[in-house]
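Line by line, the protein sequences are chains A and B.
FYI, my numbering numbers position 440 of the first sequence as 440, with every residue one higher than the one before it.
FYI, my numbering numbers position 58 of the second sequence as 1058, with every residue one higher than the one before it.
The C-beta atom is built at its ideal place from N, Cα and C for all residues, glycine as well.
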Amino acid sequence: MKLDSRAPDGPIETAWDRHRQAIRLVNPANKRKYHVIVVGTGLAGASAAATLAQLGYNVSSFCFQDSPRRAHSIAAQGGINAAKNYQNDGDSVFRLFYDTVKGGDFRAREQNVYRLAQVSVNIIDQCVAQGVPFARDYGGLLANRSFGGALVSRTFYARGQTGQQLLLGAYQALSEQVGAGKVKLHSRTELLDVVLVDGKAKGIITRDLVTGEVKRWAADAVVLATGGYGNVFYLSTNAKGCNVTATWRAYKKGAGFANPCFTQIHPTCIPVMGEHQSKLTLMSESLRNDGRVWVPKQPGDMRRPRDIPEAERDYYLERIYPTFGNLVPRDVASRAAKRMVDEGHSVVAGGAGVYLDFRDAIKRLGHDVVSDRYGNLFDMYERITGDSPYETPMRIYPASHYTMGGLWVDYNLMTSVSGLYAIGEANFSDHGANRLGASALMQGLADGYFVLPYTIGDFLAGEKAGFNDTAHAAFDEAERNVKGQVDRLLGIKGKTSADVFHRRLGKIVWDGCGMARTKESLGKALTEIPALREEFWSDVSVPGTGADLNQSLERAGRVADFLEFAEVLCRDALTREESCGGHFREEHQHPDGEARRDDVNFQHGAVWGYEGEGNAPTRHTEPLDFRYVHPSTRSYK
Amino acid sequence: MKVNLRIWRQKGPDAPGAFQDFSGVEVVPEMSFLEMLDEVNRDLEAKGQEPVVFDSDCREGICGSCGAVVDGTAHGPGRQQTLCQLHMRSFQDGDTITVEPWRAAAFPVVRDLMVDRSAFDRIIQAGGYVTARTGSAPDANAVPIGKPEADAAFDAATCIGCGACVAACPNASAMLFVSAKSGHLGLLPQGQPQRYSRAEAMVQTMDGEGFGGCSNHGECEAACPKGIGVSYIARLNRDLLRAASGAASK
C-alpha cells in the first residue's frame, strides 16, 4: 500500500493556498459531465453533495435512513468550534490548530489540522447565511461558550441542538439541489460494496431497503461520508443504525483503515441501567462549563447526594487538574471517572457512575440562567431517568461516542484507493488519538463545504468524464458477492437474533478494548471475537426474504461486518504499545496514572491493509512530523 | 410487570392490515417503549418469525425517525416527547396498549408501523431553504439579529420532521410542519428575500402531496414533541395572504 500524504511542505500558514494553486481544476462547462456518488447525508455528506452540485457536478446521494435529515449528525448537542476570536480572548487560527494537535495527543497530520482551523471561520459564516439560528447575545451578535481542552471561548452553539441546526442547514442546501435536479436522492438505500474498475472507484452496489432490490451505480468518483464505528461497542451514544459496513467494505476493496483503536469514550453519558438497554444517551460536554464532577470520598457511600456534606465530597477533576478543572479533555475525564469507580466511589448501586452537580451553578447564576443554557438537556435527562437535575445531581458515566480512526486519507481526502474519498467521521484525518469537544461538527463541515469540493477536481480533471459501464465485469463480481452474503445470512435459519450477537460482541470489545486496555484483555478479545463470529454464522436467525423489506437482514449484515472489524480494532490496540489519547494501555502509564506516549516508536498513523479472507491484515505506517507543535507530555494540571 | 400489546401489522401500502395481539409481555419500568418492542422482536426472530417493523435511530428524541400512535395519541401519553422517550413507567401492570402507524394519505404505510414520509422532503425541496452558495457568505456577525427574533426563529427551527402533527390532525394537514420551516427562515434577515416565494412553494407542494388543509383544531401543537405552536401557522397564513394580494412585492 502506497501512503503518500501529499501534504504540502513549506510554511504551514500558506500550505492550503499553495495546494489549491497547484492542483488541477475542472472547467466549469465540463463539471456537468462528471457524476459523483456521495454516500451518507450527515454534515459531511450533505454539505459535500450540496456544494458539488452548486459547482455543477451531477451528484447521487444515498442514505439508509428514510430522509437525509435523520443522519446521526443531528444528535450532536454542544457546539462547533471556530477561530473567530469574537470574544477577544486571544483565539487565533494557530491556537485552534495548536489545541487540536495537542488535544489529539500528537497523532494527527499537522497540515490537515491547520487547514481545518483555517476554514473553521468560513463554516460559521456559511451556516449563518443559511439561517442556522446560533445563540446570540442581546446586542444581536453571536455568543460563544467553552469546551474541553481549550482556554478560550470559541464554541458556537444553538442551545443543546447544534448538530440538528447545522444538519438542517446542510440538508436544506442539499434539498435545494435535489429540487433543482442536480442531486438525485436515494433514501432507504444501503451501500453494500464499492466497485473498482482498473483500480479506481467507479461505482457502488446498493440494496433498496424497501424492495430488497440490489442495484449497480456507476460514477466518476465515490465519496464515503458514512460516519464512525462506535456501535462496535453495541452500547454507545450513536444512533441504532450507525454502522461500519461502508468503510469496512471499502477496506476489503483495498482502502487502508487507519488507527481503528483510537476510539473516544465520552465522559458524560447517562449510566447503563439494565440489560434491556439499547443505547446510551450523551449529556453534552457543555454541561461541564457549569457542572462540577464529584464522588463521595468514602467508598461505598450511598447516602443521597444532598446528605453528603461538602467536606466528604471529592471534586476529583478540580483536585487533580487545577488548571483545566472540570474542562479537561474527554479522554482524561473518562479515565478519571473510571479510576474513581474502580476504587469503589461509584454513585450507582451495583453499577458505575459519578455525579455532575449543578447546585453551585444554580446558586451562582440562578435557576433561569441555568435553564436557558441547559434546559433542554435537563429535560432530556429527567425524561430518561425520572430525576430532575435542578434538584439532584446528574449521574453520569463514560460511553462510546466517537471514533477518531477511519479510512486513511491523504491531504485531498482520497483514500488509498484512487477515486475513493472519505470525509467526516468516516476518515481518520484530523483528531489524532482524541477529539476535542465541538470539533466533529467543524471537521464534517470543513470536509464537505470547503475541502472535498476543491480537491476532488484534481482527480476528476485526469479522468474521462461520464463513466457509466455498469455491465463491466467488476460490477458483476461485486453484485455476486453482495447477493451471496444476503443468501448466506438468510440460509442459516438459526435461533438467535442478530441483536443478541451484537450485544455480546459489544461486551467483549468494551471489556477488552474499552477505556483501558492490556495485552491480556486484548488477547482475550481476540480469541473471543472469532469464536463469536463462528457462532453467528451458524446460529443467527434472519426471518423473511431478501426480496423485500427486511430489518432483520439489515441488522444481521451490519453485525456481520462489526464481527470482522472488531478484530482489526483489537489488533491495532494490541500493536500500539503506548498510551495516547483515547487509547490507554495500562502497561504504559506514568506513576500518576497519566498516559505515557512513545514518540520514538509510535509517532505514526497505523494503516491496516486487507490481505484476503482468512489472512492477517498488514500494518503500514505513515510517519508524522511535528514542526509547529512540539510533542510534549500532554498536561492539563 | 406485564403488559398486553395490540400492534398493527401490514405487509405493504396496498395490503390489508390487522392488529396482532401479544399478551403477557414482560417489561421493566426503566425500559423505553422501543426497547420493549426490541424485546418483542428478539423473541419473534428467535422463533423464526418476522419482527414488527418500525423506524427508529437516535433514540434520544432528535432525529425524528420514530413515531407511532399509542392508545390513540401520537408518540403516546406524555407531553413534548417522541416515542423513543416514552418509558414503560408510564404504564401499569396489566395494561393493554394499542400501537398503530401514523395514518394519513400522504404518509402511506411501508410496513407495520413504518410509513413513507418522503413528502416532507419534497416540501423542503420546493422551497424550505435559504439560497446561499458555499463560500459566498459575509462575516457571520455582519448582520446582528436581536435575541427575541433569534429565539422565535429557533423555536420553529426545532422541528424534527417526525410527522406527529400530521398524524394528530383530523385533516392530516402538514401546516404545522410547513409553518415551522417558514417561520424559522422567515423570521431571520437571511430568509427575507425568499420569504413569500418559499411560503407559497411549500404550501403548494403540501397540497399536491395530499395533505389536508388546516381548520384550526390545534391537535398538532398538542402532539408536537418539540412544542411548536400554532401561532406559526397564523404567521404562515399571513405570509400567504400578503403574497396572494401582491402586498409582499410592494
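Selection of the segment 165-198 of chain A by Cβ proximity to chain B, strictly under 8 Å:
Q165, L168, Y171, Q172, A173, S175, E176, V178, G179, L185, S187
Would you kindly work out how many angstroms separate the C-alpha atoms of A1150 (chain B) and A1132 (chain B), rounded to a whole number?
19 Å
Which value, in whole angstroms, describes the spacing of the CA atoms of G605 (chain A) and R107 (chain A)?
7 Å
Taking only beta-carbon positions, decide if I72 (chain A) is within less than 8 Å of chain B.
For the sequence presented, residue 72 (chain A) should be read as His rather than Ile. So yes, H72 (chain A) belongs to the interface.
Enclosing alpha helix (DSSP H) for R517 (chain A) [first to last residue]:
Where R517 (chain A) is concerned, there is no enclosing alpha helix (DSSP H), given that its DSSP letter is neither H nor E.
Going by DSSP, what residues sit across from P623 (chain A) in a beta bridge?
A:H604
Which chain A residues are close to T1134 (chain B), counting only those with a beta carbon under 8 Å from its beta carbon?
S47, A50, T51, Q54, Q126, A173, Y449, F450, P453
List the residues that DSSP assigns as beta-bridge partners of Y265 (chain A).
Note that residue 265 (chain A) corresponds to Ile in the displayed sequence, not to Tyr. A:S400.
Would you tell me roughly how many angstroms separate the C-alpha atoms of N282 (chain A) and G466 (chain A), rounded to the nearest one?
Residue identity check: residue 282 (chain A) is Leu in the sequence provided, not Asn. If I take the Cα positions, the gap works out to 44 Å.
Same chain only: Cβ atoms within 6 Å of A44 (chain A), ignoring 5 sequence neighbours per side
A225, I423, G424, G444, D447, G448
Within 8 Å of any Cβ in chain B, is that where the Cβ of M273 (chain A) sits?
yes
Are the segment 1114-1122 of chain B and the segment 54-70 of chain A touching, with three or more C-beta to C-beta distances below 8 Å?
yes
Out of curiosity, what's the CA-to-CA distance linking A129 (chain A) and A158 (chain A)?
15 Å
Is there a C-beta anywhere in chain B that falls below 8 Å from the one on D598 (chain A)?
no
Three or more beta-carbon pairs under 8 Å between the segment 250-267 of chain A and the segment 525-538 of chain A, yes or no?
no
Test: R20 (chain A) CB closer than 8 Å to a CB of chain B
no
Mind checking if Y86 (chain A) is an interface residue toward chain B, Cβ cutoff 8 Å exclusive?
yes
Can you pull the chain A residues whose beta carbon is under 7 Å from the beta carbon of Y1129 (chain B), in chain order?
Q172, A173, S175, E176
Which of the three DSSP states is assigned to S416 (chain A) in this structure?
coil
When you check each C-beta in the segment 252-272 of chain A against every C-beta of chain B, which residues fall closer than 8 Å?
none
Beta-carbon neighbours of P1158 (chain B), restricted to chain A and to distances below 9 Å
It is worth fixing the name first, because residue 1158 (chain B) is Thr in this sequence and not Pro. By Cβ distance, chain A contributes R159, Q161, Q164, Q165, N376.
Using the C-alpha atoms, what's the distance from I508 (chain A) back to V451 (chain A)?
38 Å
I believe Y402 (chain A) touches A440 (chain A) by the beta-carbon criterion, under 8 Å. Please report the beta-carbon distance rounded to the nearest angstrom.
6 Å
Answer with yes or no whether the minimum CB distance from V1150 (chain B) to chain A is below 8 Å.
A small correction: the amino acid at residue 1150 (chain B) is Ala; Val does not occupy that position in the sequence shown. Taking Cβ atoms only, chain A reaches closer than 8 Å to A1150 (chain B), which makes this a yes.
Report all residues from its chain with a CB closer than 6 Å to the CB of Q991 (chain B); omit the five preceding and five following residues, and keep chain order.
Residue 991 (chain B) falls outside the range modelled here, since chain B spans only 1001 to 1250, and no answer is possible.
Which bits of chain B does Y138 (chain A) rub up against, with CB to CB less than 7 Å?
K1147
Residues, ordered as in the chain, of the segment 497-515 of chain A that lie near chain B by beta-carbon distance below 8 Å:
S497, A498, D499, V500
Proximal residues of chain A, C-beta to C-beta of N1141 (chain B) below 7 Å:
Y86, L141, L142
Once the 5 residues before and after M273 (chain A) are set aside, which same chain residues still bring their CB inside 6 Å of it?
none
Have a look at E275 (chain A) and P398 (chain A) and give me their C-alpha separation to the nearest angstrom.
17 Å
Please state the DSSP three-state secondary structure of D198 (chain A).
coil
Mapping DSSP to helix, strand and coil, what is A646 (chain A)?
Only positions 1 to 637 of chain A appear in the structure, and residue 646 (chain A) is not among them; the question remains open.
Got a sec? Which residues, its chain only, sit under 7 Å from E343 (chain A) by beta carbon, not counting five neighbours each side?
P299
Counting only Cβ-Cβ distances shorter than 7 Å, please list the residues of the segment 1062-1086 of chain B near chain A, keeping chain order.
I1062, C1063, G1064, S1065, Q1081, Q1085
Pull up the distance between the alpha-carbon of N615 (chain A) and that of G609 (chain A), whole angstroms please.
11 Å
Taking CB distances under 8 Å as the criterion, tell me whether R370 (chain A) reaches chain B.
The sequence given here has Val at residue 370 (chain A), not Arg. No, V370 (chain A) lies away from the interface with chain B (no Cβ there is under 8 Å from its Cβ).
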